[in-house]
Amino acid sequence: MAQNSRLTGFRTLTVQERREAVARESGVEPAVFDALEPGGLGVEAAEHMIENVVGVMGIPVGIATNVTVNGRDVLVPMATEEPSVVAAASNAARIARVRGGFTTSSTGPVMQAQVQVVDVVDPAGARLRVLEARDELIALAAAQDPKLAEVGGGVLDLTVRTVEAPGATYVVAHLVVDVRDAMGANAVNTMAEAVAPRLAEIAGGRAVLRILTNKADLRLSRARAVLDAEALGGAEIVDDMIHAYRLAAADPYRAATHNKGIMNGVSAVVLATGNDTRAVEAGAHSHAVNADGVYSSLSTFEKNADGDIVATLELPMPVGLVGGATRSHPAARAAIAVTEVTTARELGELVTAVGLAQNIAAVRALAGEGIQRGHMSLHAKNIAIAVGAAGGEVDRVVAVLISEKAFRHDRAEAVLAEIRSR
Numbered sequence: 023m024a025q026n027s028r029l030t031g032f033r034t035l036t037v038q039e040r041r042e043a044v045a046r047e048s049g050v051e052p053a054v055f056d057a058l059e060p061g062g063l064g065v066e067a068a069e070h071m072i073e074n075v076v077g078v079m080g081i082p083v084g085i086a087t088n089v090t091v092n093g094r095d096v097l098v099p100m101a102t103e104e105p106s107v108v109a110a111a112s113n114a115a116r117i118a119r120v121r122g123g124f125t126t127s128s129t130g131p132v133m134q135a136q137v138q139v140v141d142v143v144d145p146a147g148a149r150l151r152v153l154e155a156r157d158e159l160i161a162l163a164a165a166q167d168p169k170l171a172e173v174g175g176g177v178l179d180l181t182v183r184t185v186e187a188p189g190a191t192y193v194v195a196h197l198v199v200d201v202r203d204a205m206g207a208n209a210v211n212t213m214a215e216a217v218a219p220r221l222a223e224i225a226g227g228r229a230v231l232r233i234l235t236n237k238a239d240l241r242l243s244r245a246r247a248v249l250d251a252e253a254l255g256g257a258e259i260v261d262d263m264i265h266a267y268r269l270a271a272a273d274p275y276r277a278a279t280h281n282k283g284i285m286n287g288v289s290a291v292v293l294a295t296g297n298d299t300r301a302v303e304a305g306a307h308s309h310a311v312n313a314d315g316v317y318s319s320l321s322t323f324e325k326n327a328d329g330d331i332v333a334t335l336e337l338p339m340p341v342g343l344v345g346g347a348t349r350s351h352p353a354a355r356a357a358i359a360v361t362e363v364t365t366a367r368e369l370g371e372l373v374t375a376v377g378l379a380q381n382i383a384a385v386r387a388l389a390g391e392g393i394q395r396g397h398m399s400l401h402a403k404n405i406a407i408a409v410g411a412a413g414g415e416v417d418r419v420v421a422v423l424i425s426e427k428a429f430r431h432d433r434a435e436a437v438l439a440e441i442r443s444r
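Under my numbering, the first residue of the sequence shown is numbered 23, with each subsequent residue one higher.
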């Protein structure tokens, strides 16, 4: 683990100095960062990852500092194009450190695949027939990946549902599989395709869909933090943060933006480590639908007896350390090395902690000075670069934009022209 994630003055260092600091604290070799150079993923390697390759697009990778998870300091790589995300997560993690940082837990790495059977004349009877053949079908699925059982995973169960749809009732079987340190999509999809013909024969119908579900509600990661009231800014900020959370819990319009803030942190770590951002995002948003069928807040904010905030977050977390881009992308391998995680469960818990940190930062800003003050100050650099500022011009343009609170391209162009005319 990192010796210390509290790297004071980290943002003022040069890129090379930051790399040296991360290497020193995490224990990784400095050469790890070579993979994060613009040429880290070459076109030749990209050709083997996706189809019709024409090039490679770079995304900035930053390090979230101050993060403590289950008593261990962690330096967290985040890949994002959005200003303020890394800074906000680091700041919230600093506040959480006052009361010990983030405490995390998780379920086992269990994924599910669905097999849909159509044209069944007796869906209720078919459901029981399939359940009666449970052992046979589990054995058939398990035979597709014997290595999984050797490392402690494998098929755990087979469940069957009947799903009412307009004009039809479907028999839908779920293969429940412990995928260990893989994300698991390929493993469970192969199993679903293998059992589908026999399953359809037993049900007396025809198999159509045979694929995993991204509603990974058996693979959950959880994070919790106690936020000191004074560190947050006082009792009024605490109360307003609770009000902000309650609106997100009650109103889908607010919940969508509230949860987007969580995913700012989640997706950045998922992307940096070469995992499937779309799978994680789909699972998260499906998890946000409550028991009444209403889209709501993924996190909770409560005030404890001491007047502090207790923030919690639970997410489906289908991430892995083996297979896919986690192994084929050199930058992903570098990011995982920096985190020092050794299991998919540990990575999932870290991702969830960063998502909660991001959420805390956003809600605190909204309850205080507003989101634009910090965000737009950082975004000013993007505006300055976009209008052509270079070298020392960037900081000079940014200083004027911040002082005038004029975060517009036309004003940046005018300021740059004034600087160059002197």
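Even glycine gets a Cβ: it sits at the ideal position worked out from N, Cα and C.
Using only CA atoms, which one of the options lies nearest to residue i?
i: V89; options: G61, S112 and V76; result: S112
i: N297; options: H307, R355, S319 and Y275; result: R355
i: S27; options: A384, G122, T87 and F55; result: T87
i: V288; options: T374, V152 and E47; result: T374
i: L388; options: S321, M263 and P274; result: M263
i: F32; options: A253, A327 and I85; result: I85
i: A171; options: A434, Y192 and D200; result: D200
i: G206; options: E186, L240, E223 and Y317; result: L240
i: E368; options: R202, G122 and H70; result: R202
i: D432; options: A114, A209 and V409; result: V409
i: A161; options: R149, G176, A148 and L150; result: G176
i: E371; options: M100, T129, V37 and A68; result: T129
i: D56; options: G122, V83, V76 and N74; result: V83
i: V137; options: G147, V422 and V185; result: V185
i: E51; options: T299, T361 and A411; result: T361
i: T295; options: K169, I358 and G93; result: I358
i: A209; options: G315, P168, R444 and Y192; result: P168
i: Q38; options: A115, E59, R442 and H309; result: E59
i: R94; options: A266, A24, I407 and N312; result: A24
i: V14; options: V363, L150, R442 and R349; result: What is shown of the chain runs 23 to 444, which leaves residue 14 out entirely.
Do residue i and residue j have their C-beta atoms closer together than 8 Å?
i: T235; j: Q134; result: yes
i: A43; j: L35; result: yes
i: L159; j: L180; result: yes
i: K448; j: V248; result: In the structure as shown, the chain begins at 23 and stops at 444. Residue 448 is therefore absent and cannot be evaluated.
i: L337; j: S425; result: no
i: V194; j: V291; result: no
i: V140; j: R232; result: no
i: F323; j: R246; result: no
i: P340; j: A301; result: yes
i: S321; j: A304; result: no
i: I72; j: T102; result: no
i: Y317; j: A270; result: no
i: L97; j: S127; result: no
i: V419; j: A439; result: no
i: E69; j: V75; result: yes
i: D152; j: V132; result: The sequence as given places Val at residue 152; Asp does not occur at that position. Contact: no.
i: L343; j: A366; result: yes
i: V416; j: V437; result: no
i: I224; j: A155; result: yes
i: H307; j: N286; result: no
i: G329; j: A257; result: yes
i: D250; j: R116; result: no
Helix, strand or coil, according to DSSP, for residue i in the structure here?
i: G283; result: helix
i: K237; result: coil
i: G377; result: helix
i: E362; result: coil
i: A313; result: coil
i: R202; result: coil
i: R18; result: Given that the chain is displayed from residue 23 to residue 444, the structure contains no residue 18 and the question cannot be resolved.
i: V344; result: strand
i: S308; result: helix
i: G370; result: helix
i: H11; result: Here the chain covers residues 23 to 444 and nothing more, so residue 11 does not appear.
i: A190; result: strand
i: E391; result: coil
i: S319; result: coil
i: S48; result: helix
i: H351; result: coil
i: D273; result: coil
i: T224; result: According to the sequence provided, residue 224 is Ile. The question's Thr does not apply to it. Three-state DSSP puts I224 in a helix.
i: E324; result: strand
i: S27; result: coil
i: I81; result: coil
i: D179; result: strand
i: V422; result: helix
Q.
Which runs of the alpha helix (DSSP H) at least 4 residues long sit entirely within the region 84 to 160? Give them in chain order.
A. 107 to 119 and 145 to 154
Q.
With three or more beta-carbon pairs closer than 8 Å as the criterion, would you say the region 215 to 222 touches the region 98 to 115?
A. no
Q. Pairing CB atoms from the region 340 to 359 with CB atoms from the region 54 to 71, are three or more of them under 8 Å?
A. yes
Q. Does the region 379 to 388 touch the region 401 to 416, meaning 3 or more C-beta pairs lie closer than 8 Å?
A. no
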